[in-house]
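In my numbering, the protein residues as written are 1 to 192.
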């Protein structure tokens with residue numbers, strides 16, 4: 001039966017989304033944990049309302065038996081895949097990198113640009129092989145230090161695209177971009 005008061009050209013009036021839904025959208029779109037104050041700011045509400053909406057959202061995920069959950073980390077609140085689905089993730093997303101190479105890549109990403117000698121001090125001599133692998137896969141650029149024998153290491157555009165990390169996102173402990181004066185030795189960037 002059709003509604004005589006509404007024609008097909010008249011749109012349905014929609015209610016603004018619940019605060020919990022707005023916060024869910026913020027957490028999903030940002031893709032990383034956010035402090036409560038930033039969640040409140042992005043959702044255009046006060047901290048108390050944001051905290052209540054986060055609790056509502058977490059409860060909603062629990063009652064729906066969802067694959068996602070709201071978690072509190074040292075960096076703030078975020079959405080993540082529940083632990084019971086981690087095995088599925090491993091099956092669906094094949095890992096190109098071993099744990100050691102991933103840890104080396106994480107160190108480079110956090111401190112980029114980083115001297116290879118500093119990386120070896122942090123990760124040990126096995127990091128030489130990891131760097132070679134990461135350069136070959138295109139995740140890391142390697143540039144000769146202009147006034148020394150070591151190399152500058154920094155993550156590449158492929159790293160940002162592959163891991164869906166915005167290049168402009170500030171990472172805690174991240175240094176300034178590598179100065180242009182350093183000559184490129186191995187870029188690691190491949191046309192894929």
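We treat Cβ as the ideally placed atom computed from N, Cα and C, and that holds for glycine.
Nearest-angstrom beta carbon gap, residue j and residue i [assumed within contact, 8 Å]
i: residue 77; j: residue 34; result: 6 Å
i: residue 104; j: residue 87; result: Not really, about 25 Å apart at Cβ, beyond 8 Å.
Nearest residue (CA-CA) to residue i, options the options
i: residue 140; options: 59, 79, 85, 109; result: 109
i: residue 106; options: 125, 131, 84; result: 131
i: residue 49; options: 19, 83, 159, 128; result: 19
i: residue 46; options: 162, 80, 23; result: 23
i: residue 82; options: 64, 37, 29; result: 64
i: residue 99; options: 118, 84, 88, 123; result: 123
i: residue 102; options: 118, 135, 29, 53; result: 135
i: residue 133; options: 97, 40, 39, 60; result: 97
i: residue 28; options: 16, 57, 52; result: 57
Cβ-based neighbour list, residue i, same chain, cut-off 7 Å, excluding 5 preceding and 5 following
i: residue 155; result: 108, 109, 112, 139, 140
i: residue 31; result: 164
i: residue 43; result: 19, 22, 23, 26, 50
i: residue 14; result: none
i: residue 150; result: 115, 116, 117
Cβ neighbours of residue i in the same chain (closer than 8 Å, five flanking residues each side left out)
i: residue 80; result: 68, 69, 71
i: residue 54; result: 20, 23, 36, 39, 70, 77
i: residue 120; result: 127, 128
i: residue 61; result: 68, 69, 70
i: residue 162; result: 139
Beta-carbon contacts of residue i that lie in its chain and below 6 Å, excluding the five residues immediately before and after
i: residue 94; result: Caution is warranted here: a pLDDT of 49 is assigned to residue 94, below 50, making its placement in the model unreliable, and the coordinate value is therefore given only provisionally. So the list is empty, once near-sequence residues are dropped.
i: residue 170; result: Per-residue confidence for residue 170 stands at a pLDDT of 45, beneath the threshold of 50, marking its modelled position as unreliable; no derived number is given.
i: residue 196; result: In the structure as shown, the chain starts at 1 and stops at 192, and residue 196 therefore has no counterpart that could be examined.
i: residue 16; result: none
Those residues which DSSP pairs with residue i across a bridge
i: residue 73; result: 76
i: residue 164; result: According to DSSP, which records beta bridges pairwise, residue 164 is partnered with nothing at all.
i: residue 154; result: 141
i: residue 68; result: 81
i: residue 54; result: Per DSSP, none; premise fails for residue 54.
i: residue 34; result: 77
i: residue 114; result: 153
Original post:
Between the stretch 113 to 124 and the stretch 65 to 75, are three or more C-beta pairs nearer than 8 Å?
Top reply: Touching, no.
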